[in-house]
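**Q**
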Amino acid sequence: MNEGSMLTQRLLLSDRGGMLVLGLVLLTTIIVPILNLAVPSDSPLYISNYTVALLGKFLCFALLALSVDLIWGYAGILSLGHGAFFSLGGYAMGMYLMRQIGDRGVYGHPELMDFMVVLNWDKLPWYWQGFDMFWFAMLMVLLVPGLLAMVFGWLAFRSRVTGVYFAIITQALTYALMLAFFRNEMGFGGNNGLNDFKEILGFDLAAKSTRVGLFVASSIALILGYMACRYIVTSRMGRVIIAIRDAESRTRFSGYQVESYKLWLFVFSAMLAAVAGALYVPQVGIINPGEFSPLNSIEMVVWVATGGRGTLFGAIVGAFSVNYAKTFFTTFSPETWLFILGGLFVLVTLLLPKGIVGLFDRFSRKGDKQ
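Those letters in the sequence shown? Residues 183 to 552, by the numbering used here.
(1) Looking at the structure shown, is Asn377 part of a helix, part of a strand, or coil, going by DSSP?
(2) Can you name, in chain order, every residue of its own chain whose Cβ lies under 7 Å from the Cβ of Leu248, other than the five neighbours on each side?
(3) Which value, in whole angstroms, describes the spacing of the CA atoms of Phe267 and Pro327?
(4) What are the complete alpha helix (DSSP H) segments, minimum 4 residues, inside the stretch 386 to 422?
(5) Does DSSP put Ile142 in a helix, a strand or coil?
(6) How is Ile259 classed by DSSP in three states: helix, strand or coil?
(7) In the DSSP assignment, what are the bridge partners of Ile522?
(8) Is Ser451 closer than 8 Å to Leu236 when the C-beta atoms are compared?
(9) Can you tell me which of the three DSSP states Ile229 falls into?
(10) Indicate whether Arg274 and Ala399 have their beta-carbon atoms separated by less than 8 Å.
(11) From what residue to what residue does the alpha helix (DSSP H) around Asn505 run?
(12) I'd like the list of long-range same chain contacts for Val466, defined as Cβ closer than 8 Å, with 5 residues on each side in sequence excluded.
(13) Going by Cα to Cα distance, which pick from Val483, Leu279 and Val457 is closest to Phe385?
(14) Report yes if the CB atom of Gly369 is closer than 8 Å to the CB atom of Asn470, and no otherwise.
(15) Would you mind stating whether Leu473 and Gly272 have Cβ atoms separated by less than 8 Å?
(16) Please list, in chain order, all residues of the same chain as His291 whose beta carbon is under 7 Å from its beta carbon, the five residues on each side excluded.
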């Protein structure tokens, strides 16, 4: 068996659940654009622009859930601060989109954003420089969250902060960033955040074709993100990471630099979350400090637990399932959603420790025995 065949076997053929989920994602990526662009709006098969944007948002959430499952499911690192990396990636994209507005803002200033004009700023802050270029903005999408994760992770892991203590300080991190971004002096729009985007790469954000393009880009990012995560967890490094999760002290005594493995994975996971945030912002049309809310980070953990922790494809299933339920319940009874979310987490913890995919796996094994 040659190297290519071995890699295919490792990444796909030995991962039936992942192949099924990725197949459904790929099928959706093909069907949705056709039914939105080529089918008349009065046809029962037509998929509305709202649905395209909603599905695109779900794909971003699935990529975000994947990043959480990578470190929680395989390394045992429970992070309640991934909302910070998601939001920072979103703000980097939002800054690029704001620079594309130019003099089309309410106050018609060729360089300053509307909120800067209101605050009587006379020049663009230095940290906004370069965001008029797409490549620079995308570099910042990866670099800023990656550097934050590296510094934060290095300090935490070298001090051997683990378990609930690590979860608490990551939650404190995202809460601190939320409070900072609410301040007008930070230069990121304060309470209102960044919004009223016009175009991306010269394409009108309100156009159907642009919406479909962002949807397809989100789908491709999810597939590539899944393959990258699958490559990591099935590699030699992945086996060491799983050993760290199951017996950290024994792995350390075996001669492995545990902190280095955990730090590398944490940084990669943060960058994956940031990419999800960058794709999310142009599809929803806004990014504000509320995205840093610790509740959002807790919700991400619920997605992973509901779908199936430590499976990767279960994180995708969980993200779609919980967010579909959220869309449904917040439409008809928004005040009950948080109670339903809390009850769901308790139910999964007590009755479905392996999540939805674990339930299907249990039924399939029963069928095989019969």
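Even glycine gets a Cβ: it sits at the ideal position worked out from N, Cα and C.
Being a predicted model, the structure only gives us computed values, none of them experimental.
**A** In brief:
(1) Shown here, Asn377 sits in a strand according to DSSP, grouped into three states.
(2) Correct list, in chain order: Gly407, Tyr408, Cys411, Leu454, Leu494, Ala497 and Ile498.
(3) Their backbone Cα atoms lie some 5 Å apart in a straight line.
(4) 390 to 415
(5) Residue 142 cannot be examined here, being either before or after the span of the chain that is shown, 183 to 552.
(6) coil
(7) According to DSSP, Ile522 bridges with nothing at all.
(8) no
(9) coil
(10) Going by the sequence as given, residue 274 is Ala instead of Arg. Cβ distance not < 8 Å, so Ala274 and Ala399 don't count as in contact.
(11) Phe495 to Phe514
(12) Ala235 and Lys239
(13) Leu279
(14) no
(15) In the sequence on display, residue 473 carries Glu and not Leu. Yes, the pair counts as a contact, with Cβ atoms nearer than the cut-off.
(16) Asp285 and Val299
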